[in-house]
Amino acid sequence: LSLYNTPPCFSIYVMVLVLERIKNNGGAAAMEKLSSIKSQMIYEITDNSQGFYVCPVEPQSRSKMNIPSLTGNTKGDDALEKTFLDKALELNMLSLKGHRSVGRIRASLYNAVTIEDVQKLAAFMKNFLEMHQL
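Here the sequence shown is numbered in the UniProt record's numbering, starting from 1 and rising by one per residue.
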């Protein structure tokens, strides 16, 4: 029987593992630097795509963790976005579909996502752009 004051042991254990990982990888400053590097890779592709990928968020308000984008044009192209998501899934890139109420594409670059993962996404985005840009 669990009491109201029983600590959530598994949650505490997972938190300790996460904090140890952060500490062993350079601390918060290193995580901040990695976050900036990862988000910059994706934003550069979006910003230099000549309107093929469109980030609906003003540059000064952009997130380093969750990067939303429309594909095809400023209003988005549903068929092209579906193709993008299907091709990404074939390459084992999961969870790129945006929130169900908004749709579109959302790259979530959480701390567990590696530079290599983001490089793979960036290469895919560049390839997709070259194949589908008019």
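In this text, a Cβ means the ideal position worked out from N, Cα and C, and glycines have one as well. Being a predicted model, the structure only gives us computed values, none of them experimental.
Reduced DSSP category for residue i - H, G, I as helix; E, B as strand; rest coil
i: residue 4; result: coil
i: residue 56; result: coil
i: residue 106; result: strand
Proximity below 9 Å, CB of residue i to CB of residue j
i: residue 135; j: residue 97; result: The question about residue 135 has no answer here: the residues shown for the chain are numbered 1 through 134.
i: residue 37; j: residue 115; result: yes
i: residue 51; j: residue 81; result: no
i: residue 124; j: residue 75; result: no
i: residue 63; j: residue 53; result: no
Beta-carbon contacts of residue i that lie in its chain and below 8 Å, excluding the five residues immediately before and after
i: residue 85; result: 96, 97 and 105
i: residue 65; result: 35, 39, 108, 109 and 110
i: residue 57; result: 63 and 68
Closer than 8 Å: residue i CB and nearest the ligand NAD heavy atom
i: residue 8; result: As far as ligands go, the structure on display features none, and thus does not contain the ligand NAD.
Cβ-Cβ separation, residue j to residue i (assumed contact under 8 Å), whole Å
i: residue 31; j: residue 22; result: 6 Å
i: residue 45; j: residue 126; result: 6 Å
i: residue 129; j: residue 49; result: 6 Å
Checklist entry - Which runs of the beta strand (DSSP E), 3 residues or longer, sit entirely within the UniProt domain "Aminotransferase class V" (5 to 121)? => result 66 to 71 and 105 to 108
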